[in-house]
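The block underneath contains the structure these notes are about, expressed in structure tokens.
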Amino acid sequence: MLDSRPSDEGSVIRRRRECPSCKRRFTTYERANAEPLMVIKRSGRREPFDPNKLLRGLTLATQKRKLDPEVLYKFAFGFEDTVKEMEITSEEIGLRALAFLRELDPVAYIRFASVYREFASPEQFIEEIRRLEGGKELLQRRALVEEPEEEMDLETAAKLGTV
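Numbering (UniProt numbering) for the sequence shown: 1 to 163.
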């Protein structure tokens, strides 16, 4: 072996080697084989997290919106790095995606919410839009009086319809 050093922020070991018989040099990379993030579906079934699946849902919600696809890609493919545990519920993934879209684009948020929350009537769309607009007005009022915004967990925010 000629040379060995960490690469890719320490997650990979790069080794330069030389073949003893032909004397040609080559490089090998060693990566740790980490356990995948597991998603617990509503049915109780577990499956490995697939960022492409999340990206597909985000892309559908943002279709024909003037948004940089790179932002969606970074969210979907960086998602696994934000999860501290080895398992996450599909509900939690949906709530985090809703929170992301709410900040990114209100139309995309409503589209995603309609599928995620399984809207069955036009009234549900109207109610969600009212909650979305009410949340913006509330945030604007809080900013005017400079009150610190109370933090709310995603589950509570979802129940209140603010995510």
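Using N, Cα and C, we set each Cβ at its ideal position, and we do this for glycine too.
- The Cβ atoms of leucine 132 and proline 106 sit closer than 8 Å to each other.
- Taken through DSSP and simplified to helix, strand or coil, phenylalanine 26 comes out as strand.
- A buried status is given to valine 39, since no fewer than 16 other beta-carbon atoms sit within 10 Å of its beta-carbon.
- For tyrosine 116, the number of other beta carbons within 10 angstroms of its own is at least 16, and it is reported as buried.
- Under DSSP, glutamate 47 shares a beta bridge with Val39.
- Burial check for alanine 113: the Cβ neighbour count within 10 Å reaches 16 or more, so the residue is buried.
- Going by DSSP, valine 12 is part of the beta strand (DSSP E) stretching over 12–18.
- Counting along the chain, no beta strand (DSSP E) covers threonine 62, and no H or E run does either.
- Isoleucine 126 and tyrosine 109 have their C-alpha atoms spaced approximately 13 Å apart.
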